[in-house]
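Be aware that the sequence shown starts at 3, since it is given in the numbering used here, and climbs by one per residue.
Virtual Cβ for every residue (Gly too), placed ideally from N, Cα, C.
A quick note: this is a predicted structure, and the numbers were derived from the prediction, not measured.
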Amino acid sequence: MSQKAGATSKGKSQSREPERTPPPLGPVAVDPKGCVTIAIHAKPGSKQT
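Set out below in C-alpha cells:
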C-alpha cells in the first residue's frame with residue numbers, strides 16, 4: 003500500500019505545479035492569457051528611420 007500512496011503523491015506534485023515558460027530572451031513574449039506582447043526598448047529622442 004505504501005507504494006501506491008507514494009505514486010499517488012508523486013502524481014499530485016507534478017499536476018500541482020503549473021507550466022511555467024522561461025523568461026523571454028527577446029522583445030517578443032506570450033503572456034499568461036496567451037496574447038503576444040512586444041517590448042519596445044527605445045531611448046527618448048532616438049532616431050526614427
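State the Cα-Cα distance for the pair V30 and A44, rounded to the nearest angstrom. 15 Å
Residue from T39, Q50, P34 with nearest C-alpha to G28: T39
Please state whether DSSP places I40 in a helix, a strand or coil.
strand
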